[in-house]
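Visitor:
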Amino acid sequence: MTDAKTQIEETVKANDVVLYMKGTKSMPQCGFSSRVAGVLNFMGVDYADVNVLTDDAIRQGIKDYSDWPTIPQLYVKGEFVGGCDIITEMTLSGELDTLFDENGVAYDKDAADKIREANA
Amino acid sequence: MPMHAQEIEDLIRAALPDAKITVEGDDGVHFSAEVIDESFRGMNRVQQQRAVYAALKGKMDGPNGDLHALALTTKAPD
Numbered sequence: 001m002t003d004a005k006t007q008i009e010e011t012v013k014a015n016d017v018v019l020y021m022k023g024t025k026s027m028p029q030c031g032f033s034s035r036v037a038g039v040l041n042f043m044g045v046d047y048a049d050v051n052v053l054t055d056d057a058i059r060q061g062i063k064d065y066s067d068w069p070t071i072p073q074l075y076v077k078g079e080f081v082g083g084c085d086i087i088t089e090m091t092l093s094g095e096l097d098t099l100f101d102e103n104g105v106a107y108d109k110d111a112a113d114k115i116r117e118a119n120a
Numbered sequence: 001m002p003m004h005a006q007e008i009e010d011l012i013r014a015a016l017p018d019a020k021i022t023v024e025g026d027d028g029v030h031f032s033a034e035v036i037d038e039s040f041r042g043m044n045r046v047q048q049q050r051a052v053y054a055a056l057k058g059k060m061d062g063p064n065g066d067l068h069a070l071a072l073t074t075k076a077p078d
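Chain order of the listed sequences is A and B. If you read the first sequence in UniProt numbering, its first letter stands for residue 1, the second for the next number, and so on. If you read the second sequence in UniProt numbering, its first letter stands for residue 1, the second for the next number, and so on.
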């Protein structure tokens, strides 16, 4: 097991919600990362952000870990949920709410509804 | 090397011959694609999109990958 994989496993197990992204939740450095972080921020989700731009081993390691070629990547309770397109679709369809409900992740339901209203 | 929408469609078509494929965008590195295929039925979105990424055979890989961004929509036919 590589160091990067060990580190990733520890991070996704230690935090209920983790976003691997380019930049940070307060300063995203890519439009796709920004979109997912923006949704989570707006919904008031408590999540850990990992900036892959500061660590090449993690940047490649997270792609190998999930067998997924792009970043951002969202993990809930250690499980890979998806990238930007999937999270966007799940937000608009309400599936993300369901996923959070099922996993006991706190979020602002009214804010989630507002996102859907704005994109209806 | 920049790619053309047709190359992306051809790669996806090779893996999913009966899929309905719509590729848009032509700046060479940023594309969006919608792929509708019967084989997606019963798969979640992650599994569906992994199948498409697999068809692209590493074109998405790494900072030097040919494709920087591919906005994907996948589903089974209604």
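C-beta: ideal position from N, C-alpha, C; glycine also.
So, does the CB of B:Thr22 fall closer than 8 Å to a CB anywhere in chain A?
Guide: no
Visitor: Would you mind telling me which residues of chain B sit closer than 8 Å to A:Val86, beta carbon to beta carbon, in chain order?
Guide: Rather than Val, the amino acid found at residue 86 of chain A in this sequence is Ile. Simply Arg45, Val46, Gln49.
Visitor: List the endpoints of the continuous beta strand (DSSP E) containing A:Leu74.
Guide: 73-76
Visitor: Does B:Met3 come within less than 8 Å of chain A when only Cβ atoms are used?
Guide: no
Visitor: Smallest Cα separation from A:Phe80: which of A:Thr98, A:Ala111, A:Ser66?
Guide: A:Ser66
Visitor: I'd like the span of the alpha helix (DSSP H) that includes B:Leu67, first residue to last.
Guide: Unbroken run through B:Leu67: none, as it is neither H nor E.
Visitor: Quick one: which residues of the stretch 97-110 of chain A get their C-beta closer than 9 Å to a C-beta of chain B? List them in chain order.
Guide: none
Visitor: Using beta carbons (cut-off 8 Å, strictly below), is B:Leu11 in contact with chain A?
Guide: no
Visitor: Please report the distance separating the alpha-carbon of B:Glu9 from that of B:Thr22.
Guide: 8 Å
Visitor: Buried or exposed: where does B:Asp37 fall if 16 or more other Cβ atoms within 10 Å of its Cβ makes it buried?
Guide: buried
Visitor: Check whether chain B comes within 8 Å of A:Thr70, counting only Cβ atoms and requiring the distance to be less than that.
Guide: Chain B contact via Cβ: present.
Visitor: Which full runs of the alpha helix (DSSP H) of 4+ residues lie inside the UniProt domain "Glutaredoxin" (17-81) of chain A, going along the chain?
Guide: 31-42, 56-66
Visitor: Give the interface partners of B:Ala71 over in chain A, defined as CB-CB distance under 7 Å, in chain order.
Guide: Asp85
Visitor: Mind checking whether B:Leu11 and B:Lys57 have CB atoms under 8 Å apart?
Guide: yes
Visitor: If you reduce the DSSP assignment to three classes, tell me which class A:Lys114 lands in.
Guide: Reduced to three states, the DSSP call for A:Lys114 is helix.
Visitor: Could you tell me the distance, in whole angstroms, from the CA atom of B:Lys20 to the CA atom of A:Pro72?
Guide: 27 Å
Visitor: Check whether the Cβ of A:Gly78 lies closer than 8 Å to any Cβ atom in chain B.
Guide: no
Visitor: Indicate whether A:Ala4 and A:Ile58 have their beta-carbon atoms separated by less than 8 Å.
Guide: yes
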